[in-house]
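In the numbering used here, the protein residues as written are 389 to 562.
Have a look at the structure below before the remarks.
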C-alpha cells in the first residue's frame, strides 16, 4: 500500500527523467523470515543499447550495516561479457521508511542522493515518512550495447526495491 504514494508515470528526479510504472522488489532475509517472500532475482531486463551511465530510482527496506552490499545489477554484453554493479546500504541507499528519530538521510556515494520524500497512511500511523534515492553509475566505456540487465538479491536482512532505471550521457556523449 505505501508504494501508491510514490509519483507514477513520467517523473523528473534530480534532473533525471524516470518513467515510474511499478516496483521491482528483491528478496530480503528479514521479510522471508516473516513469510513475506519476494523474488531473489529478475533476469533479462531488456536494454539493447550502448550505455555510458545508468540511473536508479530506488530504496531499501529495513536498516542494514553501512557499506554492506544488498543487491547487484549484472549488465550483459554480446559474447558473454558482463559487468556487475553493487548497491550498498548507506553508500547508495537507505531504508525507504524514515523513522522520526532518524537524524540523517545522507549516503556516502557522491553520485547518490535522496530525491523524493512522501507520506502514506501506514507511515503516518508510525510517525514515519518515505524516501527514495537516485544513484548514477558511470559505466566502463564499451563499443558493444548492453543486451540486458539482471537484478540480484544478495540475501541480506534488507531488500532492494527499484522504482525505475534509465540511461544517460556522460561528458557530452550520446
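Heads up, the beta-carbon is just placed ideally off N, CA and C, and yes, glycines get one too.
These numbers come from a predicted model, not from an experiment.
**Message:** Across the segment 436–446 and the segment 420–427, are there enough close Cβ pairs to call them in contact, namely three or more that are closer than 8 Å?
**Reply:** Result no; under three Cβ-Cβ pairs closer than 8 Å.
**Asked** Run through DSSP, which three-state label would residue 391 get?
**Response** When DSSP states are grouped into helix, strand and coil, residue 391 belongs to the helix group.
**Request:** Assign residue 397 to one of three DSSP states: helix, strand, or coil.
**Result:** Look at residue 397 here: in three-state DSSP terms it is strand.
**Message:** If distances are taken between C-alpha atoms only, which option among 399, 471, 457 comes closest to residue 538?
**Reply:** The shortest C-alpha to C-alpha distance from residue 538 to any of 399, 471, 457 is the one to 471.
**Request:** Jot down the residue ranges of each uninterrupted alpha helix (DSSP H) in the segment 414–476, minimum 4 residues, whole runs only, in chain order.
**Result:** Counting only runs that start and end inside the segment 414–476, the alpha helix (DSSP H) elements of at least 4 residues fall at 417–421.
**Asked** Under the rule that 16 or more other beta-carbon atoms within 10 Å means buried, what is residue 542, buried or exposed?
**Response** Answer is buried; the Cβ neighbour count reaches 16.
**Item:** Residue range of the unbroken alpha helix (DSSP H) whose run includes residue 522
**Value:** Counting along the chain, residue 522 falls outside any alpha helix (DSSP H), though it belongs to the beta strand (DSSP E) covering 517–526.
**Message:** Suppose the cutoff is 7 Å on Cβ atoms and the five residues either side in sequence are ignored; what does the same chain contact list for residue 404 look like?
**Reply:** So the qualifying residues of the chain are 443, 522, 554, 556.
**Item:** Whole-angstrom distance between residue 464 and residue 550, CA atom to CA atom
**Value:** If you take the alpha carbons of residue 550 and residue 464, they lie about 18 Å apart.
**Message:** Going by C-alpha to C-alpha distance, which of 516, 509, 524 sits closest to residue 497?
**Reply:** Ranking 516, 509, 524 by Cα distance to residue 497 puts 524 first.
**Request:** Assess, as a yes-or-no matter, whether the segment 477–484 is touched by the segment 440–458 under the definition of 3 or more beta carbon pairs within less than 8 Å.
**Result:** Yes, since at least three Cβ pairs between the segment 440–458 and the segment 477–484 fall closer than 8 Å, the two stretches touch.
**Asked** So what does DSSP say about residue 509, is it helix, strand or coil?
**Response** Three-state result, residue 509: helix.
**Message:** Can you look up residue 500 in the DSSP assignment and give me helix, strand or coil?
**Reply:** Residue 500 falls in the strand class under three-state DSSP.
**Residue range of the beta strand (DSSP E) that includes residue 533** = Counting along the chain, residue 533 falls outside any beta strand (DSSP E), and DSSP gives it neither H nor E.
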